[in-house]
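Trainee: Numbering (the numbering used here), first residue to last: 6 to 186.
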DNA sequence: CGTAAGATGAAG
DNA sequence: TTCATCTTACGG
């Protein structure tokens, strides 16, 4: 799967509607956020550390990090090697392996399986073993010709910033599968 | 419905 | 102590 991942903001929108496949589970990406190198809330803002090192790899690297003591979040690294930028996957609409996801999530409602970055990693069974791997090695992204339709952009979630940058994107018609608040 | 707090660990 | 989170418990 070839997607132009140089421009992080464009990549965030391009990833919407793509199919993600991992661990015998599939889903459509319906919500993303862009993190730019000059953004104080970007993990890579203050430079390279052991934790965020994958963000400085070449575009298409997968960056999985552990947060709040119990959850993983998945990013797709963008821009050029040496530039710390990435797109956070925030929401997925499940299309395959749903029973496995429900088992791992201990939830039955399909809209509550992947509606949030921590949830979708748990549902897919994504953990730090996927960190610093390349798209296609473990996690795959496919273009299945899904028609995205209207894309909504607004402020990001869980980030306090004075002047909101509209770097969160989601598919309007799939908002049932998007994180709340 | 809504809001509040707890779980739980890595980094600064 | 903060954090790119989520779930559960409790009040109305």
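Note that the Cβ used here is the ideal one computed from N, Cα and C, for glycine as well.
For residue 160 and residue 39, what's the separation of their Cα atoms in angstroms?
Mentor: Rounded to the nearest angstrom, the two C-alpha atoms are 11 Å apart.
Trainee: If you drop the 5 nearest sequence neighbours on each side, which residues of the same chain put their C-beta closer than 6 Å to that of residue 143?
Mentor: Excluding residues up to 5 positions away in sequence, 135 lie with their Cβ nearer than 6 Å to the Cβ of residue 143 in the same chain.
Trainee: Excluding the 5 residues flanking residue 176 on each side, which residues of the same chain have their C-beta closer than 7 Å to its C-beta?
Mentor: 21, 22, 35, 153, 154, 156
Trainee: Which residue wins for smallest C-alpha separation from residue 178, given the options 11, 84, 168, 33?
Mentor: 33
Trainee: How far does the alpha helix (DSSP H) with residue 108 in it extend, from its first residue to its last?
Mentor: 103-110
Trainee: Residue 82 and residue 106: beta carbons closer than 8 Å?
Mentor: no
Trainee: For residue 181, which three-state DSSP category applies?
Mentor: helix
Trainee: Out of curiosity, what's the CA-to-CA distance linking residue 124 and residue 110?
Mentor: 7 Å
Trainee: Would you kindly report the start and end of the unbroken alpha helix (DSSP H) that includes residue 66?
Mentor: Unbroken run through residue 66 is the beta strand (DSSP E), 66-72; no alpha helix (DSSP H).
Trainee: Can you look up residue 58 in the DSSP assignment and give me helix, strand or coil?
Mentor: helix
Trainee: Under three-state DSSP, which class holds residue 19?
Mentor: It is helical.
Trainee: Only counting the same chain, and skipping five residues up and downstream in sequence, which positions put a Cβ closer than 6 Å to that of residue 113?
Mentor: Answer for residue 113: 107, listed in chain order.
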